[in-house]
Every structure is written in structure tokens, then in C-alpha cells.
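Contents: one structure, followed by commentary.
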Amino acid sequence: MSGQREQVLTGLGVSYGISIGRAVCVENHLEEVFRLPLPAHSIDAEVARYHEASELTIRELTQVKMGELPGDMEDGLQEEIGGILEAHILLLKDPSLVGRVTARIRGEHVNAEWAVHRTTAELAEQFEAIEDDYLRGRGQDLHDVGTYLLRALQGISHHELSEVEGDIILVADDLPPGEAVRLGRHRVVGFAIGSGGRTSHTTIIARSLKVPAVGGLASVTQLVTDEDPVIVDGGAGTVILHPTAETLEKYARLRQAQDAHDLEQQETRHLPSVTLDGTQISLMANIDLPEEIHDAANYGAQGVGLYRSEFLYIEQSPKLPTEEQHLRTYTLLAREIAPNPVIIRTYDLGGRKLARELMNTREENPVLGLRGIRLTMARREMFRTQIRALFRAAYHHDVRVMLPLVTSVDEVREFRVFAQEIAAELSQEGIAHNPSLKIGIMIEVPCAAIIADLLAREVDFFSVGTNDLLQYSLAVDRNNEHVAHLYQPLHPAILRMLRFILESARQAGIEVGMCGEMAGDPRLVPLLLGLGLRRLSMSPRLVPEVKACVRSLSLPELEQLAVTCGSLATAEEVDGYLDRFLKQTASMTEESPLEVLS
Amino acid sequence: MIEKDVAIVNRLGLHARAAAKLVHLAGGFRSQIRLSLEGQSVDAKSILGILMLGAAQGMTVSIRCEGEDEGEALVAIEELFACRFEESS
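Same order as they appear, the protein sequences are chains A and B. Just so you know, my numbering puts the end of the first sequence at 611, numbered straight through with nothing missing. Just so you know, my numbering puts the end of the second sequence at 108, numbered straight through with nothing missing.
Here it is, written out as C-alpha cells:
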């Protein structure tokens, strides 16, 4: 659609970078229906595929109708069901429906799935205009017929994104994480998503795949047609539809400049991460996909501070990964980044993170429901496989385990008993493992922060998960625009919690890190170091910038900074003070020859 | 061409099962058969058309037959409507 005017949509930039490609819209209300443009020569075959699916469905429905219905069913009911099946068969054969679908395949050069989906959805919509309640509800018959056909089509041979040519920008209202992972494997160079905030799963996956993404683009799927040229600028949070030739050229240049900058940043990977006064700060990587370990190494991360192992599961759900698959993945990660440690967080499923098939629970408020460590203890058999692999991986490498959503000492103890059982089992089987596998916990719920001193005696390390800790402590959903301004990392309550967590860890002599987004924010790093953090884990790409920041700071000043910030009454006051501090440091570094990274 | 108005007397109107019966019946004739209601006219041999007509109990639809067997067709269809599509209510 070359005649259309350029249009700039502004959303939330959730994954950095610029990409230019062609749109593919994903509709996910029905099971995976893609609108895939097809080349002219395959249109006849596509129409034939539709007819084949239709005939197959009719044969199947006829068999069902002829077959015996449950014997105790009333005659009237039998007749009614037979009548409905008959109506569905007639609908499938209806020349008007067949005509509409084939006309759409031929006219729009699209796959049969899409043609069926759109046609039945449009027809069903027309039923909405019918006055009589009962008859209006008959739109359902159209939906049913659409579903039969889609199922048959998908059985006959499924269209995959890999059949689309060129670079793809995926446009969707929302993408379940499993889908995003699967689709990301193809030549997807960018995401433009209707929903989704900075911590949504599409975001996490887009970042992991180093694919630019912009979320929060309301009704984006209605504005974009397949094959439209689209630019995604994840840094600026914009998506440009129908860009002019000039715009395209401008963004191609910008992308080049960014790539160059990126390479430059990677060059800093060999520089040590130490403050001006010589204190070692360990900068680690948060990763979701095993492939990202290369980024971690390239950007100079010293270990993996958080591997979100649920992605192992999400990638191949509903199948569960085997013990060997776990072991292979953990070993691969550890080997790539040795001798630095790799911290594996056990599946953090539940809450909003899919796994419905595992949970089989209907929860009113799943975020406060069966998830994290609670799910681990409730579904032990599933986790046994993972824990066994962790014990085995730790035999050769510095692999550690971390438990999500811990809220009490009981949970830690219960897990330890479970882990000991598993270790004993491995001994009995004569399988090499490390019985003193280090067990740590996420501090991400306020109650855990408040009893950090008690928890510190029971575990080998802490990792502060600031994203959840902030949301729970401040009772703010950061993705909710009405209250997003209340999501304040510098809230005095948060600073007090951090201080207490760090102090508790220090007294117990255990290690403590931070793996939330705060850890990767160069603006907050001076305060975090001042509070006593020595280990920060972040998205690999952020490591160079944070390292540059660390290398420009001097610890004694930071400790003073933290003390002062701790005495202030509001997030705004802390923010203002931090601002003045940063400006001062910046003006000092400008004169200083120590700016190594420029 | 012959035309006649008939009332819908069965409780659920021209719903899926009733429509299916009508399509089968109409399909047996060579004539062109159309139903119309409030200015909307549909092919009586297409279930999709009939369903979308949204003809409920108490409404009156007009049946129009055109072709060699139009007379028989009209009588048969009228009969189906009158016997409430062989439903109990």
C-alpha cells in the first residue's frame, strides 16, 4: 500500500534497537491464525487446500452424526444434536460461504486459515444485528464451523512464518510467551505489540533475541496491513508505518550508527569492573535463552546472575524438558562463562506466566496464587527433574540454584529437605553430583525483606528482585498508566528495605546481589554501591554502560551519598539529591583523565 | 413466479435445525426459491442466508418461487412452516 501517508505511533520502547521490515499480523484469539501473503502461483493450491479441509470436515461431521450417541440420551436431545450437526454440514457446503472464502484467498492472496478465520468472524459479526436473542446467538454456529475448518487446515499442512520472505516485523495485540519464543526463531527483526509493558514476556524475549520491540501500541493491528513496510525504534519507543523513502534512509543510517556504537561497547569487555578506589564490583547477566550466554560474554558480564529457567519449559511446552536437557543447558552456560558462577532460578511459573496446563487451577488472583516456590513444592515431581540436573551440573561447574517468591523460613527448610532427598537419591544411583549445591533465594516480596536476617541464616545467597519487590511494596502495577508514576525505586521504604537486606546478608556472611531492573540503571548505580551492593545482574547489553559508571565512582563518597539519601523523606527528595550528585561527578570526570571509555 | 406470505409459528424461529430442514426441502426443487423479510432477500437453498435473516417467532416471511416446479415447491415449504418444522413446540 504505497500510497499511504507516513504515520508515527508512540508506545513504550521495551527492547532497544532499530529495525526495518515488513509487517506480519498475528491474530491469537483462535489458535494461531496468521495472515500470510502468498505468491500468485500458489493460490490455486491454497484454494484446493481449503476444499480438502472442508470435505474432510464434512466427512468427519457426517460420521459423528451417523455414529451412535450416548444411549441414555433422550430422543429429543439426540434429534437436536443431529440437527445442529446437520446445520453445520450445510454451512460447510454453503455456496455462499465457500464463495466468500475462496474469493478472499484469491483476491487478497492469503492463506486459507486467514480467509476462513476472517470470513467466519465477519459473518458471525453480522449476526449481532439480529433482534431475536436466540437467533442472534447463532453466530456461534459460524464460529464453530470456522474452528472445525482451521483445525482441519492445520492438520493438512500448517503454514509457518518461515514461508514468508524478507525481514518480518511481528504485529500483534498480545503474544503469549510460548508463541513469542517460537516466532522469534524465524526472521523476526522487530515486534510492535498492542499490550505489554517493560516486564512483559514479549519484552523479555525480544530483548533476549536482541530484537527491537515497542509495546503499548493500542489497536496497532488495526492500523497495519500485512506486508506494509514498518520501522521499529525500540530506543525511542516509536513505530513508523508507511515510511517515506527519506525516513527509510534516515533510519538505515541510524541503525548503522547504533551498530557501530554497540561494537564499541563490546570493546570494553576486557576492562576490569572496579571503582576508582579499587573495589571490585561484579557485573553479571540476566538471561532467558541459552544463546544469550554469548552476549553475556561479549559484553563482559562476569557470570550469570539470573537464568530464568522457565523459558526452557516455555519453549517446548506442554512437553517438559528432560533431566538431560536441563543438564546440557546448565553445563553450556557454565562452560561459556567459566570460572564465573551461573545462578539458575528454578521455574518461576504461575501467576501470569502461562503453565495453565501444569497448574490446572483456576485462581481468582493468580499473581498472589500458586506460583514460584509454592508451585515447586506443590508439583514436586516436575521440579525433581530440574533439581537433579542442578546437582549434577554443579559437580563440574559453579552452578547455583535460586528459589523465586520465597516468603518464609519454612519454605526454605522444606526445600532443603526436598533437595537432600534428591541428593541422596543421586548418591544411591551412583551419579556424580555436588551435594553442597549452593541454594539461594530471591528477595522479592516485602515479608522476605523484613525477615532478611532470619532468612540469611538459612541460605547461601540472596538476590534482590526489585521489579516485584517494588510492585508488592508500593502496591503499584507499573503497567497501569493511572498509577505508574507511583512506581518509585527511590521510595524511602525501598531504600530502607535494601539497607536491611544488605546488612542482614553482611552479618550472616552470605553473598547478595540484585537482579531487578534497578541494577542495570546507571543513574541508580552510585546509590546501590553506596548502600553496599557489590554484585549487580542485568541484561547483557547494559553491562558496558554500568561498567563505565562503576569505573568513574569512588566508594567513600557513595557511602556518604547513601547515608544522606537514607535520611530524606520522599522519593522526589532522594531523586533531586541524586541528580545533584550525578551532575557534580559528571563535571569532575570531564576534567579527569580517568575517563577511559570515551 | 408465485409468492406467498407465511407466519413463523414455531418457538425458536428459523434457527439452525429448522433452517437445515428448509434447505434440504428447497434443494429438492429445481425452482429458484427466495425468502424475504423486512427488505432482505435470501436464497432458501443457502443455510447461511436463512440464518442471517434472523426470522423469529411471530414474524412473517415472504416465500417466492420461480421455475418449472414452483407450485409444488411453494406448497411443500408452506407445509413445513405450518407444521412448525416438525418440532414439538
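Think of the CB as a built atom: it goes at the ideal place given N, C-alpha and C, for glycine as much as any other residue.
Check your understanding: With DSSP run on the structure shown, which of helix, strand or coil describes A/A432?
Key -> helix
Exercise for review: State buried or exposed for A/S100, treating a residue as buried only when at least 16 other CB atoms are found within 10 Å of its CB.
Suggested key: The sequence given here has Ala at residue 100 of chain A, not Ser. A/A100 comes out buried.
Point to revise | Buried versus exposed, by CB contacts within 10 Å (16 or more), A/D85 | key: Confidence is the limiting factor: at A/D85 the pLDDT is only 43, short of 50, which leaves the residue's position unreliable, though a coordinate-based value still follows. Exposed is the call here.
Exercise for review: With a 10 Å radius around its C-beta and 16 neighbouring C-beta atoms as the bar for buried, classify A/E126 as buried or exposed.
Suggested key: buried
**Study point:** Exposed unless 16 or more other CB atoms sit within 10 angstroms - verdict on B/C102
**Key:** exposed
Review point. Are the C-beta atoms of B/V28 and some chain A residue less than 9 Å apart?
Key: Interface with chain A (9 Å Cβ-Cβ cutoff): B/V28 is excluded.
Check your understanding: Taking Cβ-Cβ distances below 7 Å as the criterion, which residues of the segment 52 to 76 of chain A are in contact with chain B?
Key -> none
Check your understanding: Is any beta-carbon of chain A found at less than 9 Å from that of B/M20?
Key -> no
Review point. Where do the N-terminal and C-terminal ends of the beta strand (DSSP E) with A/S550 fall, by residue?
Key: R548 to M551
Review point. Are A/M297 and A/A310 touching if we call contact CB-CB under 9 Å?
Key: no
Review point. Any Cβ of chain A within less than 9 Å of the Cβ of B/R36?
Key: Flagged as an interface residue toward chain A: B/R36, by a C-beta distance shorter than 9 Å.
Review point. Got a sec, what are the start and stop residues for the alpha helix (DSSP H) A/R341 sits in?
Key: E336 to I350
Exercise for review: Verify the CB distance criterion: does A/G96 have a CB-CB separation below 9 Å to chain B?
Suggested key: yes
Point to revise | Beta carbon proximity, A/E135 to chain B, threshold 9 Å | key: no
**Study point:** Proximal chain B residues relative to A/E144, where beta-carbon distance stays under 8 Å
**Key:** G73 and A75
**Study point:** Cβ-based neighbour list, A/G179, same chain, cut-off 8 Å, excluding 5 preceding and 5 following
**Key:** G34, R35 and R200
Practice item. Report the neighbours of A/P108 on chain B: residues whose CB is nearer than 7 Å to its CB, in chain order. Key: Here the neighbours are S65.
Check your understanding: When the distance is taken between beta carbons, is A/R220 closer than 9 Å to A/R554?
Key -> yes
Exercise for review: Indicate the three-state DSSP secondary structure (helix, strand or coil) for A/Y408 in the structure shown.
Suggested key: helix
Check your understanding: A/H101 CB to nearest chain B CB: under 9 Å?
Key -> yes
Point to revise | Outcome for A/Q597 when other beta-carbon atoms lying within 10 angstroms are tallied against a minimum of 16 | key: A/Q597 is exposed by the Cβ-count criterion.
Review point. So, A/L155 versus A/A137, is the Cβ gap smaller than 9 Å?
Key: yes
Point to revise | Within chain A, the residues that B/G90 reaches when beta carbons sit closer than 8 Å | key: Near B/G90 there are no residues of chain A at all, since even the closest Cβ is about 25 Å away, more than 8 Å.
**Study point:** Residue interval of the beta strand (DSSP E) (run including A/V287)
**Key:** Segment: none, A/V287 is in no beta strand (DSSP E) and carries neither H nor E.
Exercise for review: Select from the segment 36 to 50 of chain B all residues with a C-beta closer than 7 Å to any C-beta belonging to chain A, and list them in chain order.
Suggested key: The segment 36 to 50 of chain B vs chain A, Cβ under 7 Å: R36, A38, A39 and V42.
Point to revise | Proximal chain B residues relative to A/L162, where beta-carbon distance stays under 8 Å | key: What A/L162 touches in chain B: nothing, since even the nearest Cβ is about 14 Å away.
**Study point:** Cα-Cα separation between B/R30 and A/G24, rounded to whole angstroms
**Key:** The straight-line gap from Cα to Cα measures roughly 52 Å.
Check your understanding: Excluding five sequence neighbours on each side, which residues of the same chain lie with their C-beta closer than 8 Å to the C-beta of B/S65?
Key -> V42
Check your understanding: Between A/R119 and A/V46, what straight-line distance do the alpha-carbon atoms span, to the nearest angstrom?
Key -> 18 Å
Check your understanding: Start and end of the beta strand (DSSP E) containing A/D275?
Key -> Premise fails: A/D275 lies in the alpha helix (DSSP H), A258 to Q279, not in any beta strand (DSSP E).
Check your understanding: What is the C-beta distance between A/L503 and A/L230, in whole angstroms, given that I count them as a contact (C-beta under 8 Å)?
Key -> A Cβ-Cβ distance of about 29 Å is found for the pair A/L503 and A/L230, leaving them out of contact under the 8 Å criterion.
Check your understanding: Listing by chain order, which chain E residues have their CB less than 8 Å from the CB of A/D154?
Key -> Structure shown: chain E not included; protein chains present are A and B.
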